[in-house]
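Data first, discussion second: the structure below is written as C-alpha cells.
Numbering (the numbering used here), first residue to last: 1150 to 1641.
Structure representation (C-alpha cells):
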C-alpha cells in the first residue's frame, strides 16, 4: 500500500517537476557558451570579473587593462565576485561568465513555483509563470538571461523586493521580519547594478501610502534599522572607492545617474513609448495579449482571491515602465525587471483557464486526468517554446568585432600572431588578456595606425584596404568576416 502511495506521489509531483526542469534547461543552458562575448556591456563585465579573478583587485578604470581607453568602472562587484569565482573554477571563457546568470534565472523560476504554492496553494501558477518567462523573447535574449550581463540578476532582486514588500504590507504579523528582508534584497540590487536597484522604491512608497501603512513603517525602529543597514553596506562600497580613487562618485553620477538619466548616452535615444513598442512587437509576444484577460478574471468570483496581488504586480510594472521611459537613455534591456511581474500576472489568468478546462473533463478516468494537464501545456506553450529554441539555435549574426574571440579560440596555439581590430574592440581586449596572461600564448594587440613587420601574422577584418596601402601580404586563413594575413613586404 505504501509503495502504491509513493508511486502516486512520484507521478503527481515528481514527474511534473522533472519535466518542468527539463523544459527550463533548453532556453537557459542550450549553447550557452556558444556565442562570442557581446561587443560592449558583456565584455565589460567579463573584464571586470577577469581583473578581480586574476589580480584579486577591483577594477577602477579600464585603462588599467587598455591604456588607450579611459573609462571608469562604476558598477558594484557583488555578482562580479561570483563570475570571478567561476573563472577560477571553470576557466576564462564565455560559459564561465554566463553560467552564474543562467543559474540565477533558474533559481528565480523555482522561486516562482515556491511563491505560488505559499501565496495561493497553487504551484501551477508558478509553473505557468516560469514557462511564460522562458518563452518571452525579450527575456531569453542577449543582455538578459543568455549572456553574462547582470540585468537578469537585477530582475530577480527586484522581484524579491516587490514580493516581500507586498508580504510586509499585507501580513502585519510578520512585518518586522519582512522589513529586513526587503532591505537586504534592495541592498543586493544596488550592489549588483548600481542605481537601477532603486527603481522599485517609488512603487513601494505609493503602495504603502495606498494601503495606509506608511505611518506604521515610519514609526517602526525596524524600518530605520534596515535603512541603516542598507546605507552602511552600500555606502561602504561607494565611499571606500571614492577614498581610494577620488572622483569615483562623480563618475557614478555621470555614468549611472544624472548624466545617463537626464540625457542621451551612447546613441540610445528613443521615444517615450520605446518599451511599450518592444513589448508589443517582439519582447512579450504572445503573452502580452493575455494581460487584458488576466485583469478581467480578477473581477470574477473565482478570481477575487488573486485581485490585490495581481493589481499590485501590474502597478509595479507600470511604475518601472514610467521610470525607464522618462530616462534620456533607453537601452532595449532596461525593462528586464518587469518580465517576472508580468509573467506572474499572465500565469494567474492562464491558471484560471486551466482550472476551468479541468472542471469540464471526465474526473473519473485516471488516464484523462493525467493527459489533460499535458495537453493544456502543449496547447498553450508549444509555439512560443519552439520559437525560443529556434532563436537559440540560429542566433543573430554577430558583429565582425565579436568574431575575433571565436576565431582566436579556433586558431589556438597554431600561430604567434597579432590581432588588429578596425576600432576599439572591448571583447577582443578580454580575449587577448586571457590568451597572454592565462594561456601563455604569444598574441599582441595592435591598432591599424601602428606599424607591422615583415613576417608578422595579423588577424584582421576581411576588408583589408588599410593594409593594401602600406604592405604586401598573403592570406593565410579565413573565418567568417575575418582574415589571417602574413605581411610579406612594405610598399614604398
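Cβ coordinates follow ideal geometry from the N, Cα and C atoms, glycine included.
Simplified DSSP assignment, three categories, for residue i
i, result
"residue 1404", "helix"
"residue 1138", "A query on residue 1138 cannot be resolved here, the shown segment of the chain reaching from 1150 to 1641 and no further."
"residue 1150", "Here the model assigns residue 1150 a pLDDT of 45, short of 50, so the residue's position is not dependable, and the following value carries that caveat. The answer is coil: DSSP assigns residue 1150 none of H, G, I, E or B."
"residue 1635", "strand"
"residue 1620", "strand"
"residue 1365", "helix"
"residue 1188", "coil"
"residue 1560", "helix"
"residue 1385", "helix"
"residue 1473", "helix"
"residue 1480", "coil"
"residue 1166", "helix"
"residue 1429", "helix"
"residue 1567", "strand"
"residue 1394", "coil"
"residue 1343", "helix"
"residue 1627", "strand"
Within 9 angstroms, strictly: CB atoms of residue i and residue j
i, j, result
"residue 1596", "residue 1553", "no"
"residue 1458", "residue 1499", "no"
"residue 1541", "residue 1180", "yes"
"residue 1224", "residue 1343", "yes"
"residue 1643", "residue 1578", "Residue 1643 lies beyond the range of the chain shown here (1150 to 1641); nothing can be said about it."
"residue 1349", "residue 1480", "no"
"residue 1455", "residue 1277", "no"
"residue 1535", "residue 1610", "no"
"residue 1484", "residue 1470", "yes"
"residue 1222", "residue 1247", "no"
"residue 1567", "residue 1622", "no"
"residue 1341", "residue 1299", "yes"
"residue 1199", "residue 1582", "yes"
"residue 1308", "residue 1260", "yes"
"residue 1365", "residue 1324", "yes"
"residue 1422", "residue 1385", "no"
"residue 1495", "residue 1281", "yes"
Residue of the options minimising C-alpha distance to residue i
i, options, result
"residue 1465", "1549, 1529, 1347", "1347"
"residue 1286", "1532, 1506, 1185, 1189", "1532"
"residue 1330", "1315, 1483, 1474", "1315"
"residue 1375", "1336, 1395, 1551, 1353", "1336"
"residue 1538", "1485, 1290, 1345, 1402", "1290"
"residue 1630", "1229, 1570, 1195, 1640", "1570"
"residue 1625", "1605, 1640, 1615, 1619", "1605"
"residue 1303", "1446, 1478, 1524, 1489", "1489"
"residue 1507", "1493, 1494, 1522", "1522"
"residue 1636", "1628, 1173, 1616", "1616"
"residue 1440", "1424, 1598, 1463, 1275", "1463"
"residue 1210", "1397, 1381, 1332, 1183", "1397"
"residue 1492", "1204, 1444, 1206", "1444"
"residue 1424", "1382, 1472, 1628", "1472"
"residue 1204", "1587, 1612, 1244", "1587"
"residue 1561", "1363, 1589, 1544", "1589"
"residue 1208", "1430, 1390, 1402, 1433", "1390"
"residue 1318", "1431, 1363, 1288, 1230", "1363"
"residue 1202", "1241, 1164, 1171", "1241"
"residue 1182", "1164, 1172, 1249, 1167", "1249"
"residue 1164", "1234, 1476, 1520, 1614", "1520"
"residue 1387", "1273, 1401, 1378", "1401"
"residue 1166", "1345, 1405, 1258, 1551", "1258"
"residue 1320", "1169, 1267, 1380, 1206", "1267"
Contact belief for residue i with residue j at Cβ below 8 angstroms, rounded distance in angstroms
i, j, result
"residue 1654", "residue 1633", "Because the chain here runs from 1150 to 1641, residue 1654 falls outside it and cannot be looked at."
"residue 1232", "residue 1297", "7 angstroms"
"residue 1306", "residue 1334", "5 angstroms"
"residue 1251", "residue 1177", "5 angstroms"
"residue 1189", "residue 1529", "Contact flag wrong, Cβ pair sits at about 36 angstroms."
"residue 1312", "residue 1371", "About 18 angstroms; that fails the 8 angstroms criterion."
"residue 1555", "residue 1185", "5 angstroms"
"residue 1383", "residue 1339", "5 angstroms"
"residue 1173", "residue 1279", "7 angstroms"
"residue 1639", "residue 1618", "11 angstroms between Cβ atoms; not a contact."
Short CB-CB distance (under 9 angstroms) between residue i and chain E
i, result
"residue 1215", "As a matter of chain content, chain E is missing from the structure shown, which is built from one protein chain."
(Q) To test your reading of the DSSP string, which unbroken beta strand (DSSP E) runs of 3 or more residues are found completely within the region 1203 to 1273? (A) none
(Q) Quick check on the DSSP output: what are the complete beta strand (DSSP E) runs of length 3 or more inside the region 1431 to 1467, in order along the chain? (A) With a minimum length of 3 residues, no continuous beta strand (DSSP E) run stays inside the region 1431 to 1467.
Q: Let me know the alpha helix (DSSP H) ranges lying completely inside the region 1531 to 1556, each 4 residues or longer, listed in chain order.
A: none
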